[in-house]
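**Student:** Residue numbers (my numbering): 90 to 296.
Just so it is clear, CB atoms sit at the ideal spot from N, CA and C, and this is done for glycine as well.
(1) Hey, quick one: how far does the alpha helix (DSSP H) through residue 253 stretch, first residue to last?
(2) When the distance is taken between beta carbons, is residue 148 closer than 8 Å to residue 120?
(3) Alpha carbons only, please: which of 195, 134 and 209 is nearest the one belonging to residue 243?
(4) If we call anything under 8 Å between Cβ atoms a contact, is residue 235 one with residue 201?
(5) Just to confirm the assignment, what range does the alpha helix (DSSP H) spanning residue 175 have?
(6) Is the separation between the beta-carbon of residue 168 and that of residue 138 shorter than 8 Å?
(7) Taking residue 220 and residue 203 to be in contact with their CB atoms under 8 Å, please state how far apart those CB atoms are, rounded to whole angstroms.
(8) Rounded C-beta distance between residue 175 and residue 199? I'm assuming under 8 Å.
(9) Do you know whose CA, among 195, 145 and 126, lies nearest residue 116's CA?
(10) Alpha carbon to alpha carbon, how far is residue 187 from residue 129? Give it in angstroms, no decimals.
(11) Grouping DSSP H, G and I as helix and E and B as strand, with all else coil, what is residue 214?
This is how it looks when you write it as structure tokens:
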């Protein structure tokens, strides 16, 4: 009887410890889903998008997912501008800058993509050209998206874009994907390196 009780307790202990392991992937999936949902809400209902981005932010923060936090803050910044809430915009930008500076400098491409997105939404192609920079350590898809803005700016400004087109072709990860998706600048994209957070595509907002 004593041995049977020990065996049952051991099995229960294993079962309980096992049951907790899938929680974080499930939570991350829920946070990713919230991030994608917010992207689809942004054009027609920025207020709902802001709330959904905030939900995702809290979920990512609970998992200490820094990248997810940055993408959520980026979305909050865009929706805040659409709602003409300058204080919320400045707060989200400051929080992004703090995270990149103090915790995750290697993810500086995320606030850069936000700056490029806003400049492109305002048709400020000179600013887009000035903001452009590249880093070999960034994820290839992020580099492609940043290149997309640069190439569009060069095209509209009548500048030579051959070097950037050549780099984009070199970075291409799947045939013509970059020309059909990453370079489709009638839509504004947000990207994340982790799994199915690549890409979250939203329609551009006019401010």
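**Tutor:** In short, the structure shows the following:
(1) 251-260
(2) yes
(3) 209
(4) yes
(5) 175-191
(6) yes
(7) Not really, about 10 Å apart at Cβ, beyond 8 Å.
(8) About 21 Å; that fails the 8 Å criterion.
(9) 145
(10) 27 Å
(11) helix
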